[in-house]
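Here's the structure we're looking at; comments come further down.
Numbering (the numbering used here), first residue to last: 55 to 374.
As structure tokens, this is what we get:
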């Protein structure tokens, strides 16, 4: 009976530990998937130094067309890459002719972007989800509600290019995006050719290239491999042109994911400790109930080590 109780405690403890591990792991993976599949991608490539100034979205640190074409050629040769998407990111003013506020914009090619971040269309709460045509804009839900902008309304995007001149272009609201956790909550999307027109680019420049892998488990290994491949590309000053970053460097959620791991470790430790204390309690009870028996065994000359081994065997296997 005591052996059955001990076995039951161990079984229940193991079940609870495994259940907690699976639930916490699933929650973390779901949150990571939401971040990478709806906004970031698994990893991104920027021009060297861009990430340090990413909050300002500097246009002077964009990848030139030739640098992007080199990167594109390298990525197409990598069997691990499922899809990649070039982006032009810039800050601007969003105007309804009555009210004006700031907005962060992503100029993208719709098809490659949807393959790289497949959950992006699912964030469109109203409007078209199938594609982002030229002249259309997807705006964040925050702006739609606060400025009372509806599908089909005409808005103006005003932005300053890298030369300092102010440019504007009219767009029709084609979709409203549900907000996401993190800095992407005020991000809107337009076609990359419209972004080039707003910024008066004579040839395409790219702020970043988002990459999606076939196997997310190969993230760090592929990041190291790609960094090695790109490290040979240098500018006229002999400095590297590119820098590679996984989603962990790009999202503040990574710190939350680490906290989840630490919390999970301590809870597992507590569950294991409770099980071990319960088993110890059962074994102590077994000893105290049989003090007279132990005294009798000792009186007939049984060595203390032999008595100890009898109880250890009984605790482990249920017999001695």
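Here a beta-carbon is modelled for each residue, glycine too, at the ideal position from N, C-alpha and C.
Here residue 285 is exposed. Its C-beta has fewer than 16 other C-beta atoms within 10 Å. In the three-state scheme derived from DSSP, where H, G and I count as helix and E and B as strand, residue 360 is classed as helix. Contiguous alpha helix (DSSP H) elements confined to the region 183–265 occur at 195–200, 246–252, taking only those with 4 or more residues. Non-local C-beta neighbours of residue 352 in its own chain, meaning closer than 7 Å and more than five positions away in sequence, comprise 361, ordered along the chain.
Proximity of the region 58–70 to the region 314–333 meets the contact definition, three or more beta-carbon pairs being nearer than 8 Å. By the CB criterion at 8 Å, residue 161 and residue 177 fall outside the cutoff. Each of 273, 77, 249 was checked against the Cα of residue 144, and the nearest Cα belongs to 249. In the DSSP assignment, residue 161 falls within the beta strand (DSSP E) that extends over 154–162.
Burial check for residue 313: the Cβ neighbour count within 10 Å stays below 16, so the residue is exposed. The Cβ atoms of residue 245 and residue 169 do not sit closer than 8 Å to each other. Distance from the CA of residue 190 to the CA of residue 225, rounded to the nearest whole angstrom, comes to 5 Å.
Contact annotation: residue 92 and residue 173 have beta-carbon atoms nearer than 8 Å. Straight-line measurement puts the Cα of residue 338 at about 51 Å from the Cα of residue 303. Contact between residue 298 and residue 97 holds, since their C-beta atoms are separated by about 6 Å, short of 8 Å. If the five residues before and after residue 119 are omitted, its C-beta is found closer than 6 Å to the C-beta atoms of 257, 258, all from its own chain and listed in chain order.
Nearest neighbour of residue 89 by Cα position, chosen from 300, 276, 283, turns out to be 300.
Around the C-beta of residue 175, 16 or more other C-beta atoms lie within 10 Å, and the residue is accordingly described as buried.
The three-state secondary structure of residue 101, taken from DSSP, is strand. With 16 or more other Cβ atoms from the protein chains shown falling within 10 Å of its own Cβ, residue 255 counts as buried. Residue 100 sits buried, since 16 or more C-beta atoms from the chains shown fall within 10 Å of its C-beta.
When the Cα atoms are used, residue 358 and residue 272 turn out to be separated by approximately 56 Å. Per DSSP, reduced to three states, the secondary structure at residue 92 is helical.
Residue 274 has no beta-bridge partner at all, per DSSP. In this structure, the alpha-carbon of residue 163 lies about 13 Å from that of residue 184. If you draw a straight line from the Cα of residue 233 to the Cα of residue 321, it comes to about 32 Å. Across the set 78, 66, 74, 82, the C-alpha of 82 shows the shortest separation from the C-alpha of residue 308. With distances taken between CA atoms, residue 276 lies nearest to 129 out of 147, 253, 129, 156. Beta-bridge annotation (DSSP): residue 139 is paired with 264.
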